[in-house]
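Novice:
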Amino acid sequence: MGAGHSHSHTEHPEPTPRMLAARRKANWILAGILIPLTLLTLAAMAFMWPSGSKDGITLASPYAAAPGVTFDTGKIQRVAVGSCSDAQASGDATAQPPNEGSQCTFAYTEPDKGGNPVKVVINPDVAKSHGVKPGDDIRYLNLSKVQGAAGQGAPAYVFVDFVRTLPIIFLAVLYAVVVIAVARWRGLRALIGLVGAYVVLVSFMLPGLVEGKPPLLLALVGSTVIMIGVLYFAHGFSARTSTALLGTMFGLAITALLAAWATDAANLAGVGSHDAATLTNISDNISISGIILCGLIISGLGVLNDVTITQSSAVWELWELAPETSARQLFTSAMRIGRDHIASTVYTIAFAYAGAALPVLILVMLYERPLGDALTSAELSEEVIRTLVGSVGLVLAVPVTTLIAVLVVKATGIRDSAVKAGAPAVGAPDWVGSDAGAALAGVAADGGSSAVGQPDWSAPDDAGAGPATRRGRRAALRG
Numbered sequence: 078m079g080a081g082h083s084h085s086h087t088e089h090p091e092p093t094p095r096m097l098a099a100r101r102k103a104n105w106i107l108a109g110i111l112i113p114l115t116l117l118t119l120a121a122m123a124f125m126w127p128s129g130s131k132d133g134i135t136l137a138s139p140y141a142a143a144p145g146v147t148f149d150t151g152k153i154q155r156v157a158v159g160s161c162s163d164a165q166a167s168g169d170a171t172a173q174p175p176n177e178g179s180q181c182t183f184a185y186t187e188p189d190k191g192g193n194p195v196k197v198v199i200n201p202d203v204a205k206s207h208g209v210k211p212g213d214d215i216r217y218l219n220l221s222k223v224q225g226a227a228g229q230g231a232p233a234y235v236f237v238d239f240v241r242t243l244p245i246i247f248l249a250v251l252y253a254v255v256v257i258a259v260a261r262w263r264g265l266r267a268l269i270g271l272v273g274a275y276v277v278l279v280s281f282m283l284p285g286l287v288e289g290k291p292p293l294l295l296a297l298v299g300s301t302v303i304m305i306g307v308l309y310f311a312h313g314f315s316a317r318t319s320t321a322l323l324g325t326m327f328g329l330a331i332t333a334l335l336a337a338w339a340t341d342a343a344n345l346a347g348v349g350s351h352d353a354a355t356l357t358n359i360s361d362n363i364s365i366s367g368i369i370l371c372g373l374i375i376s377g378l379g380v381l382n383d384v385t386i387t388q389s390s391a392v393w394e395l396w397e398l399a400p401e402t403s404a405r406q407l408f409t410s411a412m413r414i415g416r417d418h419i420a421s422t423v424y425t426i427a428f429a430y431a432g433a434a435l436p437v438l439i440l441v442m443l444y445e446r447p448l449g450d451a452l453t454s455a456e457l458s459e460e461v462i463r464t465l466v467g468s469v470g471l472v473l474a475v476p477v478t479t480l481i482a483v484l485v486v487k488a489t490g491i492r493d494s495a496v497k498a499g500a501p502a503v504g505a506p507d508w509v510g511s512d513a514g515a516a517l518a519g520v521a522a523d524g525g526s527s528a529v530g531q532p533d534w535s536a537p538d539d540a541g542a543g544p545a546t547r548r549g550r551r552a553a554l555r556g
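Using the numbering used here, the letters of the sequence shown correspond one by one to residues 78 to 556.
(1) Can at least three beta-carbon pairs, one atom from the region 100-117 and one from the region 179-196, be found at a separation below 8 Å?
(2) Using 8 Å as the Cβ pair cut-off and three pairs as the minimum, do the region 269-278 and the region 292-308 touch?
(3) Compute the Euclidean distance between the alpha carbons of Gly-289 and Leu-334, then round it to the nearest angstrom.
(4) Taking one C-beta from the region 387-406 and one from the region 438-451 each time, how about it: are there three or more such pairs within less than 8 Å?
(5) By Cβ distance, which residues of its chain are closer than 6 Å to Leu-452, with the 5 residues on each side in sequence left out?
(6) Is the Cβ-Cβ distance between Thr-202 and Ile-153 less than 8 Å?
(7) Go through the region 287-347 residue by residue and report every complete run of the alpha helix (DSSP H) that reaches 4 residues or more, in order.
(8) Pick from Gly-377, Ile-359, Lys-487 and Ala-249: whose alpha carbon is nearest that of Ala-317?
(9) If Phe-148 and Val-237 are in contact, beta carbons under 8 Å, what's the gap, nearest whole angstrom?
(10) Where does Lys-102 sit, in a helix, a strand or coil, going by DSSP?
(11) Short of 6 Å in beta carbon distance, which residues of its chain neighbour Gly-525, apart from the five on each side in sequence? Order them along the chain.
(12) Who are the Cβ neighbours of Arg-155 in its own chain at under 7 Å, not counting the five residues just before and after it?
(13) Under DSSP, the beta strand (DSSP E) around Ala-157 begins and ends at which residues?
(14) For Gly-151, which residues of its own chain have a beta-carbon under 6 Å away from its beta-carbon, when the five flanking residues on both sides are left out?
(15) Inspect the CB distances between the region 417-431 and the region 381-398 and report whether three or more fall short of 8 Å.
(16) For Gly-285, which residues from the same chain have a beta carbon less than 7 Å from its beta carbon, with the 5 sequence-adjacent residues on both sides left out?
(17) Looking at the unbroken beta strand (DSSP E) that takes in Glu-187, where does it start and where does it end?
(18) Taking 8 Å as the threshold (C-beta atoms), are Ile-374 and Leu-329 in contact?
(19) Could you give the residue range of the beta strand (DSSP E) that holds Gly-218?
(20) Based on the DSSP output, what are the partners of Phe-236 in its beta bridges?
(21) Could you spell out where the beta strand (DSSP E) holding Val-198 opens and where it closes?
(22) The alpha helix (DSSP H) with Leu-370 in it runs from where to where?
(23) State yes or no: is the C-beta of Leu-268 within less than 8 Å of the C-beta of Val-254?
(24) Please tell me whether, using a cut-off of 7 Å, the distance from the CB of Val-240 to the nearest non-hydrogen atom of the ligand SAH is below it.
(25) Let me know the alpha helix (DSSP H) ranges lying completely inside the region 366-428, each 4 residues or longer, listed in chain order.
(26) With a threshold of 7 Å on Cβ separation, who are the neighbours of Arg-446 within its own chain once the five nearest residues in sequence on each side are excluded?
(27) Where Thr-320 and Ile-369 are concerned, what is the direct C-alpha to C-alpha distance, given to the nearest angstrom?
(28) Starting from Ile-245, trace the alpha helix (DSSP H) in both directions and tell me its first and last residue.
(29) Closest by CA to Val-197, which one among Ser-206, Ser-179 and Cys-161?
(30) Quick one: residues in its chain with C-beta nearer than 7 Å to the C-beta of Leu-293, no 5 flanking neighbours on either side, listed in chain order?
(31) Which class does Asp-361 belong to by DSSP, given the choice of helix, strand or coil?
(32) Excluding five sequence neighbours on each side, which residues of the same chain lie with their C-beta closer than 7 Å to the C-beta of Ala-343?
(33) Between the C-alpha atoms of Thr-402 and Leu-480, what's the straight-line distance to the nearest angstrom?
(34) Measure the C-alpha to C-alpha separation of Leu-484 and Pro-244 and round it to an integer number of angstroms.
(35) Let's see if you can read the secondary structure: which residues bound the alpha helix (DSSP H) around Val-477?
(36) According to DSSP, simplified to helix, strand and coil, what is Pro-447?
Shown next as structure tokens:
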């Protein structure tokens, strides 16, 4: 009974004034740097906000149908191969007139809107590469009214694409369930933050590129706003998150400068890209080089965020384990973690881009071109530069983030002789022994625990394990 009373008495000790002062000091240091930067970024975003006007843009959308033509969907009932004589007219704009006696693939499809099955002509490239089978949901062009009125022999129904709604929804739901099940509320906040990031991308960055806004400034401002929202929303308002944000901003700046130089020095103009040629022809305001520059910066956001938040957390965890560690030792230990992370992340970037460029890599291999020519060609140079630029910014962000985190931790000023001696921290409850006292005092030095008066969203889920563990002591101190 007495033990239970003692446990309840020490479960939620009040932080000492010295601890609160240490927290305030760490947060004020970071706030003095980040608040002006955030206000400047938001002001630049408001100044550059696109009007949304599409004047001067002439775009023939492939999804725009002529009068009497509709895009319909349906489910394939059976597939047959027959003569292409009915597919020689203009109904299939993507195919050349076939040779006499050639064979085409037809899918007898039941329309989703009801009615008798229709005979849909399958594009030769789709029939050869992937094929179609009964049960597939497809989208097709319905030319029946137009062709019937014209009295031509062209196919009345032409394949456009597969309907992928259900598989994508299933994967999205599965991904969300797995993230939330493992990461819990933090995972849910990360998913919501991801939605917010795409809102910034779609409503600010993409229209800005279309209207000819400065691509470098557009990418920097948009990426910074995304990182501010994502980091704080997913990881909470804390000194360790603020430290990661500073490191991320540094990495973004380095990536942006390198991307601007590389885009000009390597003459990245999107030559050979069908999409780039289409964009060039629809408006004089659109700069393909600017789009490539913006893409180089955006592509590294996720990995950059990953390494900076990891390094910031590593410094705080190491400090809490050994608060008497010197700044040099703390930096050295955290950098050992950072080097392992750098190595694995560089592989991640390289393989991600290689996977996206596999068709081009296969073509380059079949052409049997020298490796140097292939890597510097128009087809591959953009991916190579994207990998190198992103990796440089990533690598340099690691030591900078680590250094900032060490300086913030040490700036809290908690260097009591009681901590060095292993004695209980001032104001600590009776259950804190020598080792526990050192750990508890280290928590006091953690400016990243939470700002005064703010909820600590980064509290561990197992904090209720009790004061017998380091996490339990952290939870007790916060309470």
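Ideal Cβ positions, reconstructed from N, Cα and C, are used throughout, including at glycine.
Specialist: On the basis of the coordinates in this document:
(1) Counting Cβ pairs under 8 Å, fewer than three are found: no touch.
(2) Touching, yes, given that three or more Cβ pairs across the two stretches are closer than 8 Å.
(3) In the sequence shown, the residue the question calls residue 289 occupies position 212. In the sequence shown, the residue the question calls residue 334 occupies position 257. So the alpha carbons of these two residues sit roughly 19 Å apart.
(4) Short answer: they don't touch.
(5) On the sequence shown, position 375 is the one that residue 452 refers to. Only Val-461 meet the Cβ criterion.
(6) Position 125 of the sequence shown holds residue 202. Position 76 of the sequence shown holds residue 153. First, the amino acid is wrong: residue 202 is Asp here, not Thr. For Asp-202 and Ile-153, no; Cβs fall outside 8 Å.
(7) Qualifying alpha helix (DSSP H) stretches, in chain order: 292-312 and 316-342.
(8) What you label residue 317 is simply residue 240 of the sequence shown in a count that begins at 1. For the record, residue 317 in the displayed sequence is Arg; it is not Ala. Per the Cα distances, Lys-487.
(9) As a first step, residue 148 must be located in the sequence shown, where it is residue number 71. As a first step, residue 237 must be located in the sequence shown, where it is residue number 160. About 7 Å separates the two Cβ atoms, so the contact holds.
(10) Against the sequence shown, residue 102 aligns to sequence position 25. Helix.
(11) As a working mapping, residue 525 is identified with position 448 in the sequence shown. Because the pLDDT at Gly-525 is just 38, under 50, the model does not fix this residue reliably, and the point stays unresolved.
(12) For this step, residue 155 is matched to residue 78 along the sequence shown. Within the same chain, Arg-155 has close Cβ partners Tyr-185 and Pro-211.
(13) The sequence position of residue 157 within the sequence shown is 80, counting from 1. Here the beta strand (DSSP E) through Ala-157 covers 147-160.
(14) Along the sequence shown, one-based indexing puts residue 151 at 74. Thr-186, Glu-187, Pro-188 and Asp-189.
(15) Yes, the region 417-431 is in contact with the region 381-398.
(16) As a first step, residue 285 is located in the sequence shown; it is residue number 208 there, counting from the start. Closer than 7 Å at the Cβ level, and outside the excluded window around Gly-285, lie Met-125, Pro-127 and Leu-295.
(17) Here the question's residue 187 lines up with position 110 in the sequence shown. Looking at the DSSP string, the run of the beta strand (DSSP E) that includes Glu-187 is 180-188.
(18) Translated into positions along the sequence shown, residue 329 becomes position 252. Translated into positions along the sequence shown, residue 374 becomes position 297. Yes.
(19) Counting from 1 along the sequence shown, the entry for residue 218 is found at position 141. According to the sequence shown, residue 218 is Leu rather than Gly. Where Leu-218 is concerned, the enclosing beta strand (DSSP E) starts and stops at 214-219.
(20) What you label residue 236 is simply residue 159 of the sequence shown in a count that begins at 1. For Phe-236, which the question treats as bridged, DSSP gives the partners Tyr-217.
(21) Position 121 of the sequence shown, counted from the start, is the residue given in the question as residue 198. Its beta strand (DSSP E) spans residues 195-199.
(22) The sequence position of residue 370 within the sequence shown is 293, counting from 1. From DSSP, the alpha helix (DSSP H) with Leu-370 extends over 365-375.
(23) The residue labelled residue 268 in the question sits at position 191 within the sequence shown. The residue labelled residue 254 in the question sits at position 177 within the sequence shown. Contact annotation: Leu-268 and Val-254 have beta-carbon atoms that are not nearer than 8 Å.
(24) The model on display carries no ligand, and the ligand SAH is accordingly not part of it.
(25) Secondary structure in the region 366-428: the alpha helix (DSSP H) runs of 4 residues or longer, each lying completely within the stretch, are 378-398 in chain order.
(26) Numbered from 1 along the sequence shown, position 369 holds the residue referred to as residue 446. If we look at Arg-446 and ignore the five residues flanking it on each side, it has no Cβ neighbours.
(27) Here residue 320 refers to the residue found at position 243 of the sequence shown. Here residue 369 refers to the residue found at position 292 of the sequence shown. C-alpha separation (whole angstroms): 29 Å.
(28) Numbered from its first residue, the sequence shown carries residue 245 at position 168. Start and end: 242-277.
(29) By one-based count along the sequence shown, residue 197 stands at place 120. By alpha-carbon distance to Val-197, the top candidate from Ser-206, Ser-179 and Cys-161 is Cys-161.
(30) Position 216 of the sequence shown, counting from 1, holds the residue named residue 293. These residues qualify, in order along the chain: Ala-333, Ala-337 and Leu-370.
(31) Walking along the sequence shown from the start, residue 361 turns up at place 284. Asp-361 falls in the coil class under three-state DSSP.
(32) For the purposes of this step, residue 343 is taken as the residue at position 266 of the sequence shown. Same-chain partners within the cutoff: Ser-458 and Ile-462.
(33) The residue labelled residue 402 in the question sits at position 325 within the sequence shown. The residue labelled residue 480 in the question sits at position 403 within the sequence shown. Going by the C-alpha atoms only, they are around 14 Å apart.
(34) Sequence index remark: in the sequence shown, residue 484 carries index 407 (1-based). Sequence index remark: in the sequence shown, residue 244 carries index 167 (1-based). Counting only the Cα atoms, Pro-244 lies some 48 Å from Leu-484.
(35) By one-based count along the sequence shown, residue 477 stands at place 400. Start and end: 458-488.
(36) Here residue 447 refers to the residue found at position 370 when the sequence shown is read from its first residue. Correct three-state label for Pro-447: coil.
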